[in-house]
Every structure is written in structure tokens, then in C-alpha cells.
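Worksheet: one structure, shown below.
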Amino acid sequence: MARPRARLAGVDWLLLVVSLALGGIAGYLGLLLGMRLLLEPRIVSETALRLSKYTVLVEQVLQHAGEPLPAGVLVRQQNQLPSGSPAQSGRFERLVEEAMAREFGLQRRLQRDQPPLQDPWGGHWVQLNRIDQRTGQTLWLFQSQLLSNSLWYLPPLRILAIVIGALAGLVLFLRLKVERPLGHLLTLLAEQGSAAPLQLLPEQGIAPIRNLSLRINRLLERINNTASTRRQLLHGLTHDLGGPHARLMLRTEILCERLSGENGQLAQAMALDLDRLRELTDQLALLGEQELPAERRQSCALDDLCGRIVASHPSRLIKLRLPRLLVNLDPEGLQRALNNLIDNALEYGAPPVELSAVRRGSDLLLRVDDHGAGIPTETLLAIPGPSRSNDRQRQRHRGLGLAIVERFCVDHQGRLRLLEAPGGGLRAELQLPVLVEWVLRVPCWPENGPGQWPELGWP
Numbered sequence: 020m021a022r023p024r025a026r027l028a029g030v031d032w033l034l035l036v037v038s039l040a041l042g043g044i045a046g047y048l049g050l051l052l053g054m055r056l057l058l059e060p061r062i063v064s065e066t067a068l069r070l071s072k073y074t075v076l077v078e079q080v081l082q083h084a085g086e087p088l089p090a091g092v093l094v095r096q097q098n099q100l101p102s103g104s105p106a107q108s109g110r111f112e113r114l115v116e117e118a119m120a121r122e123f124g125l126q127r128r129l130q131r132d133q134p135p136l137q138d139p140w141g142g143h144w145v146q147l148n149r150i151d152q153r154t155g156q157t158l159w160l161f162q163s164q165l166l167s168n169s170l171w172y173l174p175p176l177r178i179l180a181i182v183i184g185a186l187a188g189l190v191l192f193l194r195l196k197v198e199r200p201l202g203h204l205l206t207l208l209a210e211q212g213s214a215a216p217l218q219l220l221p222e223q224g225i226a227p228i229r230n231l232s233l234r235i236n237r238l239l240e241r242i243n244n245t246a247s248t249r250r251q252l253l254h255g256l257t258h259d260l261g262g263p264h265a266r267l268m269l270r271t272e273i274l275c276e277r278l279s280g281e282n283g284q285l286a287q288a289m290a291l292d293l294d295r296l297r298e299l300t301d302q303l304a305l306l307g308e309q310e311l312p313a314e315r316r317q318s319c320a321l322d323d324l325c326g327r328i329v330a331s332h333p334s335r336l337i338k339l340r341l342p343r344l345l346v347n348l349d350p351e352g353l354q355r356a357l358n359n360l361i362d363n364a365l366e367y368g369a370p371p372v373e374l375s376a377v378r379r380g381s382d383l384l385l386r387v388d389d390h391g392a393g394i395p396t397e398t399l400l401a402i403p404g405p406s407r408s409n410d411r412q413r414q415r416h417r418g419l420g421l422a423i424v425e426r427f428c429v430d431h432q433g434r435l436r437l438l439e440a441p442g443g444g445l446r447a448e449l450q451l452p453v454l455v456e457w458v459l460r461v462p463c464w465p466e467n468g469p470g471q472w473p474e475l476g477w478p
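Residue numbers for the sequence shown follow this note's numbering, so the first one is 20 and each next one is one higher.
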């Protein structure tokens with residue numbers, strides 16, 4: 020299989036270059052717009068002042084016939100201009116002409132120097148109020164732009180504007196093609212629930228991010244296929260077990276009717292074992308179907324829900340210590356989980372079984388404690404799941420029941436922990452982020468035990 024390339028694709032390079040070019044153009048245009056709005060009035064006023072002073076001085080010198088012009092002063096006749104005749108004035112030249120007439124009372128025509136330029140920096144030709152006595156041609160005075168203090172043509176300022184615009188284009192490219200796709204990718208991954216099928220991710224952004232999304236999507240498809248295969252396997256297994264189990268039950272019932280004495284007791288024991296086998300088969304079917312969609316969750320009062328769940332058990336065997344909390348979860352899933360934990364506690368532990376709840380931040384800690392011998396192994400207290408040990412005493416609390424409970428916790432983005440109960444025995448603790456709000460202002464049981472609070476009247 021070809022190794023993925025962690026490089027930009029051709030389209031990505033093209034978009035990057037286009038972003039840089041558009042950013043540079045935008046920066047340059049922004050500079051021109053800013054100068055036109057902020058600096059142009061000052062530049063026009065300074066240019067009009069400089070040209071007016073220079074023009075007045077030269078005209079005063081020309082009034083005295085026979086006096087030579089100072090060095091560096093360039094005056095030409097109209098037919099000697101680079102363009103041969105006065106060219107059409109531009110917008111800036113018209114503004115300067117209006118400023119000279121308005122501020123200094125000089126009605127003079129102005130035009131920009133045309134190639135070949137008299138000065139590399141450029142300049143302007145100003146029409147003088149004098150004519151050549153020999154040819155009768157109007158005289159024009161050249162003013163170099165190099166002597167101007169204007170920032171209009173300052174190259175470093177234009178370069179800086181282009182660089183800033185290009186950097187802005189680069190930032191925009193990274194924002195649209197890198198940061199936003201990555202943020203969207205992480206958000207969708209965080210919103211993925213544990214229930215299949217997992218939603219595939221959009222393949223957006225630059226080539227490395229698209230390759231990353233593609234790899235993640237392949238992994239998600241593999242997970243979905245594995246979950247689907249597992250469900251089909253469990254469905255097929257429970258279906259295949261149904262036929263032999265039904266035949267065994269029928270034959271066992273016939274044996275129970277025909278046998279008596281010790282053989283009859285053995286037949287009754289076989290019937291009980293077959294009932295237990297039927298319960299395990301039902302739990303396998305539930306484990307295969309336990310993919311929790313969000314619409315199965317509903318808001319309900321925790322104490323009322325748990326009260327209905329434990330109502331099927333003798334009241335002397337169960338103690339409830341539950342505050343009034345509003346939770347958002349799957350009631351049927353919680354019923355299956357608590358019934359498995361309570362049955363486990365009554366079968367392997369010792370009554371009474373205590374069902375309590377505490378609040379830790381936004382999480383609900385739901386605890387089921389028994390008074391049996393407990394599990395002394397520290398590894399089993401911290402890690403739910405099938406044990407690798409051959410010690411049957413250490414595995415007595417394991418089975419499909421705890422697998423169903425653990426699956427319920429995972430479906431609600433929580434976890435199951437097996438701990439040592441404060442009074443001895445085993446504690447099964449469900450940590451679930453399912454709290455909605457307090458319904459009544461009733462204090463929650465503290466984590467070190469409910470003994471500090473008065474009884475609230477629940478059975």
C-alpha cells in the first residue's frame with residue numbers, strides 16, 4: 020500500500036499562490052486608498068506651495084532680460100516639450116492646479132513629465148506666464164519630483180503594504196484550509212458517540228488534512244463493520260441456542276413429571292440450570308442490541324426511576340439513599356444495569372444491598388454496595404472486564420451482567436468501577452455525566468457516606 024504524502028497538492032499550491040497574490044494586491048490598493056483619503060489633501064497642498072514658489076521666483080528672474088537663469092533651472096518652449104504639445108492633465112495635476120489658483124492666485128497649467136524623463140524620479144512641467152521674445156512660444160518650467168517630500172511614491176511604503184497584504188492572504192489561507200478543517204474534524208470526533216454506526220468525517224482542507232480524514236474514515240468504517248459483525252454474531256448465536264434450549268426444556272419437563280425422589284430433584288436442578296441458561300441467552304441478545312440512539316434518552320427523576328426498578332425486590336433486602344435529581348438517560352438501559360448489579364450483589368454478596376447516589380460536579384455517581392466478602396484483588400477493583408485469572412473466587416462477580424452494565428456506562432460517556440465498599444463487600448460505581456439540574460433544593464449525599472445527613476423519607 021502506498022505511503023500517504025504529507026505534502027501540499029498542486030491545487031493547494033495554486034490556492035496558496037493566489038491567496039498571496041490577492042493579499043499583496045489588496046494591500047497595495049489599501050495603501051493607495053488610505054493615502055488618497057488621508058494624505059492626498061496634504062500632498063496636493065505641499066505640491067501646490069512648492070510649485071507656486073518656484074514658478075514665481077523663475078518668472079521674476081525672467082522679467083529682467085539678459086540675466087541668466089540659475090544652474091539647475093530648466094525652462095523650455097512649448098514645442099520643445101517631450102510630448103511636443105501640452106498633454107491632457109491627470110487627476111492629481113488638476114487638483115494641484117485648483118490648489119494653486121485657490122491658495123496663491125496662480126492660473127497655471129500643469130502636466131506630468133513624459134518619456135524620455137528629465138529625472139528618473141519624474142516631475143511636472145508648469146506653464147509660465149512668459150513667452151519667448153524671439154519665437155513667441157510659451158515657456159514651461161520643469162520641477163523634479165525628487166525634491167518633493169511626498170510619500171506617494173516612496174518605494175519602501177509600497178513594498179511594506181504588499182508584504183502585509185501577502186501575509187494577510189497567507190493567514191486567510193491557513194485559516195480556511197488548515198485551522199477551520201482541523202477544528203471541524205476535532206469537533207466531529209468529539210461529538211462521536213460510542214454507539215454504532217459512527218459518522219464519517221468530511222474530507223476538507225489541504226492534502227495532508229484530507230489524507231488524515233481519509234485514514235480516520237477508514238478506521239471508523241472498520242469499527243462500524245466490526246460492531247455490525249459482532250451484532251450479527253450474537254444474533255445468530257442466540258438464535259441457534261434457542262432450538263436446542265427449547266428441546267432440552269421440553270425433555271426436562273417430561274423428566275420432572277415422570278421421575279421422583281432423588282432423580283426428580285436432579286431433574287428439577289436441571290430445569291433451574293436451563294432457566295439460568297435462558298437468562299444468559301437473553302442477556303446475550305440484549306448485549307448485541309445495546310446500541311443507544313440519542314432519542315431513547317429522556318429526562319426523569321432519579322429517585323422515582325430507581326424506586327420503580329427495585330420495587331420487584333423485597334424491601335428488606337434493598338436500601339435506597341437517593342437525592343432528588345433530574346437525569347437524562349435511557350431508563351430501560353438503567354433498569355437492566357441496576358437489575359444485573361442487584362442480582363449480582365444478592366447472589367454473590369450478602370443483603371442488605373444499598374443503592375445510593377452522589378453528585379460530583381456535573382457527573383452522577385450511582386453506587387450499589389453489598390455486604391459480602393468482596394474482592395480482595397486490587398486489580399479487579401480498578402479494571403472492569405473479563406479476568407485473566409483462574410481463581411474462581413476472584414471471577415465470581417464477572418459475567419454478561421457486568422458487560423451489560425459497562426456497555427450502558429460507555430453509551431452514556433461514563434464508566435464502571437468495582438471498588439471495596441466502606442462496610443465491606445463490593446461496590447459497583449457508575450460514573451455518568453447525565454445530570455440535568457436540581458429539581459428540589461435537597462442536599463446531595465456527601466462522598467464519604469450518607470450518615471451526616473438526615474433521612475429524607477425514601478424507603
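Just so you know, even glycine gets a beta-carbon here, dropped at the ideal spot from N, CA and C. Every value quoted in this text rests on a predicted model; they were computed, and no experiment measured them.
#1: For V424 and A330, which I take to be in contact (beta-carbon distance under 8 Å), what is that distance rounded to the nearest angstrom?
#2: Specify, as a first and last residue, the run of the beta strand (DSSP E) that L39 falls within.
#3: Quick check: the segment 383-395 against the segment 437-447, are at least 3 beta-carbon pairs closer than 8 Å?
#4: Counting only runs that start and end within the segment 87-123, where is the beta strand (DSSP E) found for 3 or more residues in a row?
#5: Thinking C-alpha only, which one of L125, L353, L299 is nearest D323?
#6: Thinking C-alpha only, which one of L303, L269, R277 is nearest L291?
#7: Is the beta carbon of Q211 sitting closer than 8 Å to the one on L217?
#8: Over the uninterrupted alpha helix (DSSP H) stretch that includes K72, give me the two end residues.
#9: What first and last residue would you give for the beta strand (DSSP E) that runs through T157?
#10: Determine whether the beta carbon atoms of S381 and L267 lie at a separation below 8 Å.
#11: Taking the alpha-carbon positions, what's the A185 to E198 distance?
#12: What residue does the alpha helix (DSSP H) around V197 start on, and which one ends it?
#13: Measure the alpha-carbon distance for R434 versus C428 and round it to whole angstroms.
#14: Assign H83 to buried or exposed, taking buried as 16 or more other Cβ atoms, counted over all protein chains shown, within 10 Å of its Cβ.
#15: Going along the chain, which residues of its own chain have a beta-carbon closer than 7 Å to the beta-carbon of L360, five neighbours each way excluded?
#16: Suppose you measure from the CA of F123 to the CA of S163; what does that come to, to the nearest Å?
#17: Could you spell out where the alpha helix (DSSP H) holding D499 opens and where it closes?
#18: When you compare only the Cα positions, how much space is there between G470 and N347?
#19: Taking Cβ positions, are L365 and L336 nearer each other than 8 Å?
#20: Quick one, which of L191, P350, L231 has its alpha-carbon nearest L205's?
#21: Can you give the beta carbon distance from A9 to L278, rounded, assuming they're within the 8 Å contact cut?
#22: Taking the alpha carbon of L50 as the point to measure from, which residue in P452, V182, H254, N363 has its own alpha carbon closest?
#23: Under DSSP, the beta strand (DSSP E) around G142 begins and ends at which residues?
#24: Could you give the C-beta distance for L195 and T74, rounded to a whole number, given that I count them as a contact under 8 Å?
#25: Beta-carbon separation of R15 and M119 under 8 Å?
#26: Here's a check: name, in chain order, each residue in its chain whose Cβ is nearer than 8 Å to the Cβ of P135, leaving out the five neighbours to either side.
#27: Would you grab the beta carbon distance between T157 and Q146 for me? Rounded to a whole angstrom, and I think it's under 8 Å.
#28: Can you tell me which residues form a DSSP beta bridge with N347?
#29: Looking only at DSSP bridge pairs, what is A447 linked to?
#30: Spatial neighbours of P200 within its chain, please: CB distance less than 7 Å, with the 5 preceding and 5 following residues excluded, ordered by chain position.
#31: Which partner residues of R378 appear in the DSSP bridge assignment?
#32: Of the residues H332, D362, V372, N358, which one's Cα is nearest the Cα of R340?
#33: Put G357 into one of helix, strand or coil per three-state DSSP.
#34: Is G280 closer than 8 Å to D362 when the C-beta atoms are compared?
Taking the structure as given:
#1: 20 Å between Cβ atoms; not a contact.
#2: Per DSSP, L39 belongs to no beta strand (DSSP E); it is in the alpha helix (DSSP H), 29-53.
#3: yes
#4: 94-96
#5: L353
#6: Taking the Cα of L291 as reference, the smallest distance to any Cα among L303, L269, R277 is reached at L269.
#7: yes
#8: 59-82
#9: 157-163
#10: No, Cβ-Cβ distance for S381 and L267 is not below 8 Å.
#11: 18 Å
#12: It is not in any alpha helix (DSSP H) - V197 carries neither H nor E in the DSSP assignment.
#13: 5 Å
#14: exposed
#15: V387, V424, A447
#16: 20 Å
#17: Here the chain comprises residues numbered 20 to 478, so residue 499 is not present and cannot be evaluated.
#18: Residue placement at G470 is poorly supported in this model, since its pLDDT is 40, which falls under 50; the coordinates still yield a value, given next. Rounded to whole angstroms, G470 to N347 spans 27 Å at the Cα level.
#19: In contact: L365 and L336 (Cβ atoms closer than 8 Å).
#20: L231
#21: For residue 9 there is no data in the structure shown, the boundaries of the chain being 20 and 478.
#22: V182
#23: 142-150
#24: Not quite, the Cβ-Cβ distance comes to about 54 Å (not below 8 Å), so this is no contact.
#25: With the chain represented from 20 up to 478, any question about residue 15 goes unanswered, as that position is not in the structure.
#26: P101
#27: 6 Å
#28: S318
#29: V387, L437
#30: Q223, G224, I228
#31: Per the DSSP secondary-structure output, R378 pairs in a beta bridge with L383.
#32: V372
#33: Position check: residue 357 holds Leu in this sequence, whereas Gly was assumed. If DSSP states are grouped into helix, strand and coil, L357 belongs with the helices.
#34: No, they are not a contact pair.
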